[in-house]
Amino acid sequence: MEKQFEEMEMLERIFYMQNLFDSDLIKNRNLEFSKEEWIQKEVLAIVSELAELLAEVNFKWWKNPKPVNDDNVKDELVDILHFFTAACIHSGMDAKELYERYMRKNKENFDRQYGKSQKHGYELDKM
549 MEKQFEEMEM LERIFYMQNL FDSDLIKNRN LEFSKEEWIQ KEVLAIVSEL AELLAEVNFK
609 WWKNPKPVND DNVKDELVDI LHFFTAACIH SGMDAKELYE RYMRKNKENF DRQYGKSQKH
669 GYELDKM
């Protein structure tokens, strides 16, 4: 039985709403792409949104900086999340799997910083 929207966790809601949006977009614009093509397009969209985010935070050291508009920065981050979530969905990953993979990777990242990882290159020198 599918959860009601009100019962969903925040990340589940984001995935649910993204799926609704994508389904509507695909139907209304008659879009037909393979899984790989969708992910390619979403990655390119993320790159484009990252460039817009960079423009908001004065990355051009050769120009006089302008005041940073925090609201615009946050909107660009949401745009990135929009396309990231769509790519997750097209890859077959739902909110639960993303959460589980994130938790595993976060633990591995901490282990690497404390020399507890089996991955080469993260060993700590004994002092």
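Taking this note's numbering, the leading residue of the sequence shown gets 549, the next gets one more, and so forth. Don't be surprised by glycine CBs; every beta carbon is placed ideally from N, CA and C. Because the structure is a prediction, the values reported are computed rather than measured.
Around Y647, the same chain offers L559 as residues with beta carbons nearer than 7 Å, after the five sequence neighbours per side are excluded. The three-state secondary structure of N578, taken from DSSP, is coil. Under the rule that a run must span 3 or more residues, no beta strand (DSSP E) segment is found entirely inside the region 626-672. Taking all protein chains shown into account, E580 has fewer than 16 neighbouring C-beta atoms within 10 Å of its C-beta and is therefore exposed. In the DSSP assignment, W586 falls within the unbroken alpha helix (DSSP H) covering 583-604. By the Cβ rule, the region 555-573 counts as touching the region 617-637, because three or more pairs are nearer than 8 Å.
Within the same chain, Cβ atoms closer than 6 Å to the Cβ of L672 are found at G663, the five residues on either side in sequence being excluded.
Here A603 is exposed: its Cβ has fewer than 16 other Cβ atoms, across all protein chains shown, within 10 Å.
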